[in-house]
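A quick write-up on the structure given underneath.
There are 2 protein chains.
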Amino acid sequence: MSTSDRLIESAQDLLWERGYVGTSPKAIQQRAGAGQGSMYHHFTGKADLALAAIRRSAAEMRAAAEEQLSAPGSATDRISAYLRRERDVLRGCPIGRLSQDPDIVADAHLRQPVDDTFAWLRGRLAEILTDGQARGEFDHALDPDDTAATIVAVLQGGYVLARAADSADHFDTAIRGLLGLLGRAGGSAR
Amino acid sequence: MSTSDRLIESAQDLLWERGYVGTSPKAIQQRAGAGQGSMYHHFTGKADLALAAIRRSAAEMRAAAEEQLSAPGSATDRISAYLRRERDVLRGCPIGRLSQDPDIVADAHLRQPVDDTFAWLRGRLAEILTDGQARGEFDHALDPDDTAATIVAVLQGGYVLARAADSADHFDTAIRGLLGLLGRAGGSAR
DNA sequence: GTCTATATAGTGATAGAC
DNA sequence: GTCTATCACTATATAGAC
Numbered sequence: 001m002s003t004s005d006r007l008i009e010s011a012q013d014l015l016w017e018r019g020y021v022g023t024s025p026k027a028i029q030q031r032a033g034a035g036q037g038s039m040y041h042h043f044t045g046k047a048d049l050a051l052a053a054i055r056r057s058a059a060e061m062r063a064a065a066e067e068q069l070s071a072p073g074s075a076t077d078r079i080s081a082y083l084r085r086e087r088d089v090l091r092g093c094p095i096g097r098l099s100q101d102p103d104i105v106a107d108a109h110l111r112q113p114v115d116d117t118f119a120w121l122r123g124r125l126a127e128i129l130t131d132g133q134a135r136g137e138f139d140h141a142l143d144p145d146d147t148a149a150t151i152v153a154v155l156q157g158g159y160v161l162a163r164a165a166d167s168a169d170h171f172d173t174a175i176r177g178l179l180g181l182l183g184r185a186g187g188s189a190r
Numbered sequence: 001m002s003t004s005d006r007l008i009e010s011a012q013d014l015l016w017e018r019g020y021v022g023t024s025p026k027a028i029q030q031r032a033g034a035g036q037g038s039m040y041h042h043f044t045g046k047a048d049l050a051l052a053a054i055r056r057s058a059a060e061m062r063a064a065a066e067e068q069l070s071a072p073g074s075a076t077d078r079i080s081a082y083l084r085r086e087r088d089v090l091r092g093c094p095i096g097r098l099s100q101d102p103d104i105v106a107d108a109h110l111r112q113p114v115d116d117t118f119a120w121l122r123g124r125l126a127e128i129l130t131d132g133q134a135r136g137e138f139d140h141a142l143d144p145d146d147t148a149a150t151i152v153a154v155l156q157g158g159y160v161l162a163r164a165a166d167s168a169d170h171f172d173t174a175i176r177g178l179l180g181l182l183g184r185a186g187g188s189a190r
């Protein structure tokens with residue numbers, strides 16, 4: 001792996017763990033086993049390296065989600081599989097956590113991949129919910145866009161609850177509650 | 001207002017805006033109009049002052065929630081009023097944002113008020129949901145504890161979505177989706 | 001491309017005068 | 001109780017040798 005790649009990967013890890021404000025260029029270099037000069041040769045500075053790291057994390061998160069969302073099965077199956085898939089809950093969401101970082105939100109370039117990722121995810125879930133309505137899995141009164149946003153919010157909020165309590169159970173509890181509500185929003189097929 | 005109070009209030013503001021990692025003692029002192037010596041006279045250090053600030057923010061959040069949650073009306077009315085009440089969405093949740101801070105989560109003392117606040121809120125909502133079931137507003141198959149966690153998660157996740165998109169609309173969308181799901185979980189009274 | 005040296009500012013705290 | 005001085009350390013770079 002190239003030095004540039006190692007720097008990006010180290011930045012991904014540290015941004016996930018400590019956020020942008022809590023991560024220093026020096027810490028990234030040390031984890032990557034690279035010197036100062038090396039980092040400033042490949043990137044213009046902290047923000048530039050962070051942008052590369054955020055873009056890569058966003059792409060990885062999208063790919064991971066698509067794995068469950070594009071699987072065969074009913075809409076309910078796919079959404080349920082996505083919600084229940086194995087996660088490192090107490091580490092939080094590598095993308096969602098960035099939305100709490102003041103320097104990320106303040107910089108349009110750094111915020112963009114975060115924004116894009118959630119827009120994509122909401123859109124993807126809305127498609128699946130619409131598909132589910134067509135198949136009679138869900139009530140037609142259910143608004144796909146609103147419900148998609150709710151699903152993503154439960155995931156992101158589930159991480160918050162779990163980390164606040166230092167217990168992954170709280171994530172699972174919130175997901176269970178959501179699946180209970182979705183199950184009761186059945187359509188004509190039930 | 002005493003110097004100690006001004007320091008706590010400044011710390012509350014800065015913790016809300018920039019988190020624990022992103023807030024320096026110096027910045028707190030300047031916002032409070034106090035010198036170094038003053039801060040270290042009243043508090044043993046940054047963590048001690050932050051703890052006082054977090055406790056105060058937690059108490060304020062609880063009081064604000066209780067205002068809607070203890071209002072007269074049906075369970076649905078009270079939950080809906082709480083979810084739809086005016087919020088400074090783009091600033092995020094002063095307590096929830098702390099769950100993303102590595103130094104808060106790593107320190108049991110600093111995490112405690114955050115944990116307590118969410119535990120209280122989930123418990124309070126579960127009570128109201130149980131009450132709603134008794135009144136026939138909600139299906140008895142709905143698990144109050146799970147659903148309460150889901151409601152809190154939608155709120156916390158709503159902040160994440162709004163900040164990621166720099167638009168409060170995304171918070172409202174997630175809430176609307178949740179109210180749609182809750183409305184479809186009606187019990188015998190519907 | 002990578003290294004070391006150096007620079008400027010900020011961090012988190014202590015010391016001691018007033 | 002509050003102030004200023006000082007401290008060791010870190011943050012985020014730039015410069016220039018190799």
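In order, the protein sequence lines correspond to chains A and B.
Number 33 in the UniProt record's numbering belongs to position 33 of the first sequence; there are no gaps in the numbering.
Number 71 in the UniProt record's numbering belongs to position 71 of the second sequence; there are no gaps in the numbering.
Quick reminder that beta carbons are idealized off the backbone N, C-alpha and C, glycines included.
Original post:
Using 9 Å as the limit for Cβ to Cβ distance, is leucine 49 (chain A) near chain B?
Top reply: By 1-based counting over the first sequence, the position of residue 49 (chain A) is 49. No, no contact with chain B.
Subject >> Chain-ordered chain B contacts of phenylalanine 43 (chain A) [CB-CB under 8 Å] >> reply: As a working note, residue 43 (chain A) is residue 43 in the first sequence. Correct list: empty, because the minimum Cβ distance to chain B is about 22 Å.
**OP:** Answer with yes or no whether the minimum CB distance from threonine 156 (chain A) to chain B is below 9 Å.
**Re:** Your numbering for residue 156 (chain A) matches position 156 in the first sequence. The displayed chain sequence assigns glutamine, not threonine, to residue 156 (chain A). For glutamine 156 (chain A), the answer is yes, since a Cβ of chain B falls inside 9 Å of its Cβ.
Original post:
What is the DSSP secondary structure of leucine 181 (chain B), reduced to helix, strand or coil?
Top reply: Numbered from its first residue, the second sequence carries residue 181 (chain B) at position 181. Here leucine 181 (chain B) sits in helix by DSSP.
Subject >> Backbone CA spacing between aspartate 145 (chain B) and leucine 178 (chain A) [nearest angstrom] >> reply: For the purposes of this step, residue 145 (chain B) is identified with residue 145 of the second sequence, where counting begins at 1. For the purposes of this step, residue 178 (chain A) is identified with residue 178 of the first sequence, where counting begins at 1. Between aspartate 145 (chain B) and leucine 178 (chain A), the C-alpha separation is close to 11 Å.
**OP:** Leaving aside the five residues before and after alanine 81 (chain A) along the sequence, list all residues of the same chain whose C-beta is less than 8 Å from its C-beta, in chain order.
**Re:** As a working note, residue 81 (chain A) is residue 81 in the first sequence. If we look at alanine 81 (chain A) and ignore the five residues flanking it on each side, its Cβ neighbours are Gln68, Ala71 and Gly73.
**OP:** Give me the Cβ distance between leucine 181 (chain A) and leucine 182 (chain B), rounded to the nearest whole Å; I'm assuming they're in contact under 8 Å.
**Re:** Against the first sequence, residue 181 (chain A) aligns to sequence position 181. Against the second sequence, residue 182 (chain B) aligns to sequence position 182. With 8 Å as the limit, leucine 181 (chain A) and leucine 182 (chain B) qualify as a contact, their Cβ atoms being about 7 Å apart.
Subject >> Own chain, CB closer than 7 Å to alanine 27 (chain A), minus 5 neighbours either side, in chain order >> reply: Taking the first residue of the first sequence as 1, we reach residue 27 (chain A) at position 27. If we look at alanine 27 (chain A) and ignore the five residues flanking it on each side, its Cβ neighbours are Leu14.
Subject >> Where phenylalanine 43 (chain B) falls: helix, strand or coil (DSSP) >> reply: Numbered from its first residue, the second sequence carries residue 43 (chain B) at position 43. Three-state DSSP puts phenylalanine 43 (chain B) in coil, outside helix and strand.
Original post:
Per DSSP, phenylalanine 138 (chain B) forms a beta bridge with which residues?
Top reply: For the purposes of this step, residue 138 (chain B) is taken as the residue at position 138 of the second sequence. DSSP lists B:Gly186 as partners of phenylalanine 138 (chain B).
Original post:
Does any residue of chain B bring its CB to less than 9 Å from the CB of proline 102 (chain A)?
Top reply: The residue labelled residue 102 (chain A) in the question sits at position 102 within the first sequence. Closer than 9 Å to some Cβ of chain B, the Cβ of proline 102 (chain A) qualifies, so yes.
**OP:** Measure the alpha-carbon distance for arginine 91 (chain A) versus isoleucine 104 (chain B) and round it to whole angstroms.
**Re:** In the first sequence, counting from the first residue as 1, residue 91 (chain A) sits at position 91. In the second sequence, counting from the first residue as 1, residue 104 (chain B) sits at position 104. Taking the straight line from one Cα to the other gives about 14 Å.
Original post:
Which residues in chain B sit within 7 Å of histidine 170 (chain A), going by Cβ to Cβ distance?
Top reply: Numbered from 1 along the first sequence, position 170 holds the residue referred to as residue 170 (chain A). Here the neighbours are Ala149.
Original post:
Okay, do the stretch 112-130 of chain B and the stretch 159-173 of chain B touch, 3+ Cβ pairs below 8 Å being the bar?
Top reply: no
Original post:
If we count Cβ pairs, one from each stretch, closer than 8 Å, do we get three or more for the stretch 142-158 of chain B versus the stretch 121-131 of chain B?
Top reply: yes
Original post:
With valine 152 (chain A) and leucine 125 (chain B) assumed to form a contact (beta carbons below 8 Å), what rounded beta-carbon distance in angstroms separates them?
Top reply: Your numbering for residue 152 (chain A) matches position 152 in the first sequence. Your numbering for residue 125 (chain B) matches position 125 in the second sequence. At roughly 20 Å, the Cβ-Cβ gap does not stay under 8 Å, so valine 152 (chain A) and leucine 125 (chain B) are not in contact.
Original post:
Can the beta-carbon of glycine 19 (chain A) be found closer than 9 Å to that of proline 102 (chain B)?
Top reply: Against the first sequence, residue 19 (chain A) aligns to sequence position 19. Against the second sequence, residue 102 (chain B) aligns to sequence position 102. It is a contact, given that the beta carbons lie within the stated cut-off.
Original post:
Which residues in the same chain as histidine 42 (chain B) place their Cβ atom closer than 6 Å to its Cβ, once the five residues preceding and following it in sequence are excluded?
Top reply: On the second sequence, position 42 is the one that residue 42 (chain B) refers to. Ser4.
Original post:
DSSP on glycine 92 (chain A), reduced to helix/strand/coil?
Top reply: Here the question's residue 92 (chain A) lines up with position 92 in the first sequence. Correct three-state label for glycine 92 (chain A): coil.
**OP:** Could you work out which residues of chain B lie near serine 99 (chain A), taking near to mean beta carbons separated by less than 7 Å?
**Re:** Looking up residue 99 (chain A) in the first sequence gives position 99. Residues of chain B passing the Cβ test: Val160, Arg163 and Ala164.
Original post:
Which bits of chain B does glutamate 17 (chain A) rub up against, with CB to CB less than 8 Å?
Top reply: Against the first sequence, residue 17 (chain A) aligns to sequence position 17. The contacting residues are Pro102.
**OP:** Quick one: grab the DSSP three-state call for glutamate 86 (chain B).
**Re:** Walking along the second sequence from the start, residue 86 (chain B) turns up at place 86. Glutamate 86 (chain B): coil per DSSP, three-state reduction.
**OP:** Report back the beta-carbon spacing between alanine 185 (chain B) and aspartate 139 (chain B) to the nearest angstrom; my notes put them in contact at under 8 Å.
**Re:** Within the second sequence, residue 185 (chain B) is the residue found at index 185, counting from 1. Within the second sequence, residue 139 (chain B) is the residue found at index 139, counting from 1. The pair is a contact, with the Cβ atoms about 5 Å apart (cut-off 8 Å).
Original post:
So valine 154 (chain B) and glycine 157 (chain A) are in contact, right, with Cβ under 8 Å, and what is the actual spacing, rounded?
Top reply: In the second sequence, residue 154 (chain B) corresponds to position 154, counting from 1. In the first sequence, residue 157 (chain A) corresponds to position 157, counting from 1. Correct: roughly 6 Å between the Cβ atoms.
Subject >> Secondary structure of methionine 1 (chain A), DSSP reduced to three states >> reply: The residue given as residue 1 (chain A) occupies position 1 in the first sequence. Correct three-state label for methionine 1 (chain A): coil.
Original post:
So is valine 89 (chain B) in contact with chain A if we call contact Cβ pairs under 9 Å?
Top reply: As a position in the second sequence, residue 89 (chain B) is number 89, starting the count at 1. Residue contact check for valine 89 (chain B) against chain A: no CB pair falls below 9 Å.
Original post:
Going by beta carbon distance, what residues of the same chain come within less than 8 Å of alanine 174 (chain B), once the five residues before and after it are set aside?
Top reply: Counting from 1 along the second sequence, the entry for residue 174 (chain B) is found at position 174. Excluding residues within five positions, the ones whose Cβ falls inside 8 Å are Val154, Gly157, Gly158 and Leu161.
Original post:
What's the gap between the Cα of arginine 87 (chain A) and the Cα of arginine 163 (chain A)?
Top reply: Residue mapping note: residue 87 (chain A) aligns to position 87 of the first sequence, counting from 1. Residue mapping note: residue 163 (chain A) aligns to position 163 of the first sequence, counting from 1. Looking at the two C-alpha atoms, the distance is approximately 13 Å.
**OP:** Taking all protein chains shown into account, decide if glutamine 29 (chain A) is buried (16 or more other Cβ within 10 angstroms of its Cβ) or exposed.
**Re:** Locating residue 29 (chain A) in the first sequence gives position 29, counting from the first residue. In summary, glutamine 29 (chain A) is buried, with 16 or more beta-carbon neighbours lying within 10 Å of its beta-carbon over all protein chains present.
Original post:
Using a C-beta to C-beta distance shorter than 7 Å, which residues of chain A count as neighbours of glycine 96 (chain B)?
Top reply: If you number the second sequence from 1, residue 96 (chain B) lands on position 96. Within 7 Å Cβ-Cβ: Val160.
Original post:
So, does the CB of isoleucine 54 (chain A) fall closer than 9 Å to a CB anywhere in chain B?
Top reply: Here residue 54 (chain A) refers to the residue found at position 54 of the first sequence. No, isoleucine 54 (chain A) does not count as interfacial toward chain B.
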